[in-house]
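Novice: Please read through the structure below; I'll follow up with questions.
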Amino acid sequence: MIKVIKHLKQLPARWNNKELEAEINHFKQLVEKIKEVNLENEEDSKLVEMSKRLVSLAQRGISEDELLVQSFSLVKEAAKRKLGIEPFDVQILAGIAMHKGKLAQMQTGEGKTLAAVFPAYLNALTGKGVHIFTANDYLAKRDAGWMGPVFAFLGIRSGFINEGMSREDRKKAYAADITYVTAKEAGFDYLRDSLCYEDDELTQKGFGTAIVDEADFILIDEARIPLVIAENEPVKKSISDKISKIVDVLVLGADYNTDESFRNVYLTDNGTDKLEELLECGNLYSEENYELLLEINCALHARALLRRDVDYIVKDGKLKLVDGFTGRIADKRVWPDGLQAAIESKEGLSSFQEGRILSTITMQHFIKSYAKICGMTATAAASSAEFKEFYDLDVVVIPPNKPCKRIDHEDILFAGNSAKFHAIISEIKSVHASGRPILIGTASIEESQRLSDALREDGIYCNVLNAKNHEQEAEIIAQAGCIGAVTVSTNMAGRGTDIRLGGADEAERDKVVALGGLYVIGTNKHESRRIDSQLRGRSGRQGDPGSSRFFISLEDELIKKYGSKSLNAAAIYLKGQKGPIDDAFHKRLVEKAQRAAEGQNEDMRFLLWRYSNIIENQRKIFYNWRQAVLRGASEFVKWTFEALKEYNNAQKYVSIDVLMKIEKYIMLFHMDRLWAEYIYQTNYIREGIHLVNISGLNPLEEFVRSIQASFDELMLEVYEEAQNTFRSNDFSSGDIDLDKAGIKAPSSTWTYQITDNPFSDDLGMLLASNRNIGFTPGILLLWPIVLFGIIYTRIKKSNKANEMV
Ligand code: ADP
Ligand code: MG
Numbered sequence: 001m002i003k004v005i006k007h008l009k010q011l012p013a014r015w016n017n018k019e020l021e022a023e024i025n026h027f028k029q030l031v032e033k034i035k036e037v038n039l040e041n042e043e044d045s046k047l048v049e050m051s052k053r054l055v056s057l058a059q060r061g062i063s064e065d066e067l068l069v070q071s072f073s074l075v076k077e078a079a080k081r082k083l084g085i086e087p088f089d090v091q092i093l094a095g096i097a098m099h100k101g102k103l104a105q106m107q108t109g110e111g112k113t114l115a116a117v118f119p120a121y122l123n124a125l126t127g128k129g130v131h132i133f134t135a136n137d138y139l140a141k142r143d144a145g146w147m148g149p150v151f152a153f154l155g156i157r158s159g160f161i162n163e164g165m166s167r168e169d170r171k172k173a174y175a176a177d178i179t180y181v182t183a184k185e186a187g188f189d190y191l192r193d194s195l196c197y198e199d200d201e202l203t204q205k206g207f208g209t210a211i212v213d214e215a216d217f218i219l220i221d222e223a224r225i226p227l228v229i230a231e232n233e234p235v236k237k238s239i240s241d242k243i244s245k246i247v248d249v250l251v252l253g254a255d256y257n258t259d260e261s262f263r264n265v266y267l268t269d270n271g272t273d274k275l276e277e278l279l280e281c282g283n284l285y286s287e288e289n290y291e292l293l294l295e296i297n298c299a300l301h302a303r304a305l306l307r308r309d310v311d312y313i314v315k316d317g318k319l320k321l322v323d324g325f326t327g328r329i330a331d332k333r334v335w336p337d338g339l340q341a342a343i344e345s346k347e348g349l350s351s352f353q354e355g356r357i358l359s360t361i362t363m364q365h366f367i368k369s370y371a372k373i374c375g376m377t378a379t380a381a382a383s384s385a386e387f388k389e390f391y392d393l394d395v396v397v398i399p400p401n402k403p404c405k406r407i408d409h410e411d412i413l414f415a416g417n418s419a420k421f422h423a424i425i426s427e428i429k430s431v432h433a434s435g436r437p438i439l440i441g442t443a444s445i446e447e448s449q450r451l452s453d454a455l456r457e458d459g460i461y462c463n464v465l466n467a468k469n470h471e472q473e474a475e476i477i478a479q480a481g482c483i484g485a486v487t488v489s490t491n492m493a494g495r496g497t498d499i500r501l502g503g504a505d506e507a508e509r510d511k512v513v514a515l516g517g518l519y520v521i522g523t524n525k526h527e528s529r530r531i532d533s534q535l536r537g538r539s540g541r542q543g544d545p546g547s548s549r550f551f552i553s554l555e556d557e558l559i560k561k562y563g564s565k566s567l568n569a570a571a572i573y574l575k576g577q578k579g580p581i582d583d584a585f586h587k588r589l590v591e592k593a594q595r596a597a598e599g600q601n602e603d604m605r606f607l608l609w610r611y612s613n614i615i616e617n618q619r620k621i622f623y624n625w626r627q628a629v630l631r632g633a634s635e636f637v638k639w640t641f642e643a644l645k646e647y648n649n650a651q652k653y654v655s656i657d658v659l660m661k662i663e664k665y666i667m668l669f670h671m672d673r674l675w676a677e678y679i680y681q682t683n684y685i686r687e688g689i690h691l692v693n694i695s696g697l698n699p700l701e702e703f704v705r706s707i708q709a710s711f712d713e714l715m716l717e718v719y720e721e722a723q724n725t726f727r728s729n730d731f732s733s734g735d736i737d738l739d740k741a742g743i744k745a746p747s748s749t750w751t752y753q754i755t756d757n758p759f760s761d762d763l764g765m766l767l768a769s770n771r772n773i774g775f776t777p778g779i780l781l782l783w784p785i786v787l788f789g790i791i792y793t794r795i796k797k798s799n800k801a802n803e804m805v
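The numbering of the sequence shown is UniProt numbering, which starts it at 1 and goes up by one.
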């Protein structure tokens, strides 16, 4: 069923291919036209004049398409004068594609930063604002500084935003025509703005054009992660410390088990009995123990499935999550509710204290609020169906400026991890002896540590990239092409930074070229081929020589999770074989495992996307309503007769302006308060939904019904509460004491992300079996449903067991 949906989506894409081709041909003609405009001999002042004229034309309503040739030729000339770079044709081509709302696939090192300047300038002419999303703060600052002179020369204001910047500075940067910012920071600002009481407190001026750099990372990998804004006030500490200690007593195998792929953990009957005894709680699976069971489940997951230095690290007494895609520490990220606390207890850390959540949005939905979305990345084509489905983005593959000469060697397959590890070490040693630079991409922080330790023991010094600091990381990765350099990194460290052969020194470059360029070694296949291509793409930039090779084993995580039965069986009977397994059959199976992983993850994202749209629609309705109230749309006309009388009466004492302001504050206050409550409530409904199941109804269907009803209620409640507050105020004083009426915005807030659900597969299965229902709570809300699913199975099992008895 899911497959069908996807393929239906792909069909029109295939039909459109001819159309897309024709479009690309048109883009190529435009490149020629742009190059025909010769501005070489014009004075600077003439160019500035031209730019001014373009601005005024755009603001008079001349379409951007009509201004394309002129503005692109201006940018081309300005780049030459201000950066000393003559843009390549392919960069202009990519610029056109992006302006036309496409996703440009351009290899690493092809100059995407400059390519984005073309559409950025053109779309900034109207003053509606262009946001260029970079993969991290360091790149936002770097790119703004780097490209800034071009914009400044053309009289266009540009700026950037970094974490920790003041509201005033942010406002200034957003007020510019072009803003470099991470999607995350922009999303957090959006959430903060959504709590403002006055129009002029807003930092963002609107959502014109979004140009997304490293688009696959932001639009797919990061897309589902919810951004959250919460009150900064601590809430009660959970009971997880106690549970954690009790769970520690349980023994793997006897009291609990995990499944083969280490995705689920189950209590055995033995374990259940033990817990019931220790907790003196009676039947653990009874209704009143539901919360307790959730906690136990979290504690078990934390203990049995999440590994220190792989899934998270502990640094400065704090828990830091490791991002599954980047293999790096994810900033300001937490696990869903109880799980975070459970891991903290397991590690003996003081617990993360989470204030009341005020609002939340997924990255995906945030980005979709822009009028126009386009982007660029080295790896897009493999995910083109997803870009089409989620963002209606076509992928346009831009040819490289110089043909790629990199040699991608065939994978080498081993039976076990230890054989693989030794082969990698000896490969590094022998290649390193020649001085050829090597970049090794690993799957986890723990693995990079182990590898670098082993290399050091052999006297090979290597740089390890798992630091949190993007700037330092960029410096190190920039040196990864130097003679003798050995750099170990998790798979996406230093994304956005160019690896020049020989480093900055041109003379060294020739030597590295003679040695064969940068050698990239992958120690694992990722669940997505896209990520593997990113790693390979580090080598062979701009027609440089280079090569890449992956070393894999039947004990790799990917195979364990997604490999076929025969592959897992092979892992057992070939165990101990030291040399590589050189047979095509097994290699094909490994490829199949990766496809299976991709397919499964993709299906999941498609499903969740469909589901998540329902809550998102509610959020949007609510947001638009709030915006209207914020901008001064009066709501009192919708009030009851009684309240209206009060309203008219109040006008005797206060001017209509003051009255409207009071009305607005009261409305906003209740809207925010009730929305936060709504989020909390939907969580609650969901947690109680298991009762429905027992009565034989479909829980997800019931969930949708419940949240839809409570959303309608929410809207009515806002009016009701606002009227009550209004009526209880004594206007004869001539004003309203907002503080006394309790009307005030939260004094301080903080923002963070909730990490992707680590057990989304269970969820997917649960949803898949109920997929005819249109529901969706977003990951934030989904998590306990997963638990619920597990628990439900368990209840069913225990009921069955009872019956049998
Ligand atoms: P990407 O983001 O595509 O990996 P960057 O934008 O980081 O690439 O650019 C890579 C390098 O190529 C930079 O050092 C940049 O100065 C250089 N570069 C970009 N465009 C050109 C050009 N037209 N001519 C020469 N060098 C260029
Ligand atoms: Mg880049």
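Note that the Cβ used here is the ideal one computed from N, Cα and C, for glycine as well.
In the stretch 247 to 305, which residue ranges form an unbroken alpha helix (DSSP H) of at least 4 residues, counting only runs that do not cross its ends?
Specialist: You should have 269 to 279 and 290 to 304.
Novice: Look at the alpha carbon of E19 and the alpha carbon of F118, and state the distance between them as a whole number of angstroms.
Specialist: Straight-line Cα distance between these residues: approximately 24 Å.
Novice: For L278, collect the residues of the same chain with a Cβ closer than 8 Å to its Cβ; drop the 5 residues on either side in sequence, then sort them by chain order.
Specialist: Excluding sequence neighbours, L278 sits near I246 and V249.
Novice: N601: buried (16+ other C-beta within 10 angstroms of its C-beta) or exposed?
Specialist: Result: buried.
Novice: For L74, I'd like the list of residues in its chain whose CB is within less than 8 Å of its CB, leaving aside the five on either flank, ordered along the chain.
Specialist: So the qualifying residues of the chain are L39, L47, M50, S51, L54, Y121 and L154.
Novice: To which residues does DSSP link N463 through a beta bridge?
Specialist: DSSP output for N463 lists T487 as bridge partner(s).
Novice: With DSSP run on the structure shown, which of helix, strand or coil describes S634?
Specialist: Note: S634 maps to coil in three-state DSSP.
Novice: Which residues are close to the ligand MG, meaning CB closer than 6 Å to any heavy atom, in chain order?
Specialist: This selection yields K112, T113, D213 and G496.
Novice: Here's a check: name, in chain order, each residue in its chain whose Cβ is nearer than 6 Å to the Cβ of S345, leaving out the five neighbours to either side.
Specialist: These residues qualify, in order along the chain: S240, D241 and S244.
Novice: For W750, which beta-bridge partners are listed by DSSP?
Specialist: A230, per the DSSP bridge assignment.
Novice: At the level of alpha carbons, what is the spacing between R529 and E168?
Specialist: Straight-line Cα distance between these residues: approximately 42 Å.
Novice: Output the boundary residues of the beta strand (DSSP E) element that contains D143.
Specialist: From DSSP, D143 is part of no beta strand (DSSP E) but of the alpha helix (DSSP H) over D137 to F153.
Novice: List the endpoints of the continuous alpha helix (DSSP H) containing G187.
Specialist: Counting along the chain, the alpha helix (DSSP H) containing G187 begins and ends at A183 to D193.
Novice: Where G441 and R549 are concerned, what is the direct C-alpha to C-alpha distance, given to the nearest angstrom?
Specialist: Each residue's Cα considered, the two are about 10 Å apart.
Novice: Under the three-state reduction of DSSP, which class applies to V212: helix, strand or coil?
Specialist: Strand.
Novice: Whole alpha helix (DSSP H) runs in the stretch 511 to 555 with 4 or more residues, listed along the chain?
Specialist: The stretch 511 to 555 contains these whole alpha helix (DSSP H) runs: 529 to 536.
Novice: In angstroms with no decimal places, state the Cα-to-Cα distance between K28 and E36.
Specialist: Their Cα atoms are separated by approximately 13 Å.
Novice: Kindly indicate which residue of E471, H470 and K429 has the alpha-carbon position closest to the one of G459.
Specialist: Of the candidates E471, H470 and K429, the one whose C-alpha sits nearest the C-alpha of G459 is K429.
Novice: Thinking just about the alpha-carbon of each residue, which of A78, E43 and D392 is nearest to the one in G148?
Specialist: Ranking A78, E43 and D392 by Cα distance to G148 puts A78 first.
Novice: Ends of the beta strand (DSSP E) at G441?
Specialist: That run of the beta strand (DSSP E) goes I438 to T442.
Novice: If we define contact as Cβ-Cβ less than 8 Å, is A584 a contact residue for chain B?
Specialist: The chain inventory of the structure shown lacks chain B, comprising one protein chain alone.
Novice: Based on the DSSP secondary-structure assignment, which residues constitute the bridge partners of A104?
Specialist: In the DSSP output, where bridge partners are listed per residue, A104 has M376 and V396.
Novice: Taking 7 Å as the cut-off, is the beta-carbon of P87 closer than that to any non-hydrogen atom of the ligand ADP?
Specialist: Result yes, Cβ under 7 Å from the ligand ADP.
Novice: For a test of the three-state rule: what should DSSP assign to K18, helix, strand or coil?
Specialist: K18: helix per DSSP, three-state reduction.
Novice: Below 8 Å between beta carbons: does that hold for C196 and L630?
Specialist: It is a contact, given that the beta carbons lie within the stated cut-off.
Novice: Which of the three DSSP states, helix, strand or coil, is assigned to V310?
Specialist: It is coil, neither helix nor strand.
Novice: What did DSSP end up calling S566 once you bin it into helix, strand or coil?
Specialist: Helix at S566.
Novice: Among W675, G632, D65 and P399, whose alpha-carbon lies nearest the alpha-carbon of D657?
Specialist: D657 has its Cα closest to that of G632, out of W675, G632, D65 and P399.
Novice: Across the stretch 156 to 166 and the stretch 175 to 193, are there enough close Cβ pairs to call them in contact, namely three or more that are closer than 8 Å?
Specialist: Verdict: yes, contact present.
Novice: Is it the case that the Cβ atoms of Q105 and A381 are separated by a distance below 8 Å?
Specialist: Contact flag set, yes.
Novice: Counting C-beta neighbours from all protein chains within 10 Å, is the total for V228 16 or more, i.e. buried, or is it exposed?
Specialist: Buried: at least 16 other Cβ atoms inside 10 Å.
Novice: CB of M106 to nearest heavy atom of the ligand ADP: below 7 Å?
Specialist: Checking the Cβ of M106 against the ligand ADP gives yes.
Novice: F387 and W609: beta carbons closer than 8 Å?
Specialist: Not in contact: F387 and W609 (Cβ atoms no closer than 8 Å).
Novice: Do the stretch 194 to 208 and the stretch 366 to 384 meet, that is, are 3 or more Cβ pairs less than 8 Å apart?
Specialist: Cβ pair count under 8 Å is three or more, so yes.
Novice: Between which two residues does the alpha helix (DSSP H) carrying H470 extend?
Specialist: Taken as a continuous stretch (DSSP letters only), the alpha helix (DSSP H) holding H470 covers H470 to A478.
Novice: Please identify the residue among L515, Y256 and I329 whose C-alpha is closest to the C-alpha of L305.
Specialist: Minimum Cα distance to L305 is reached at Y256.
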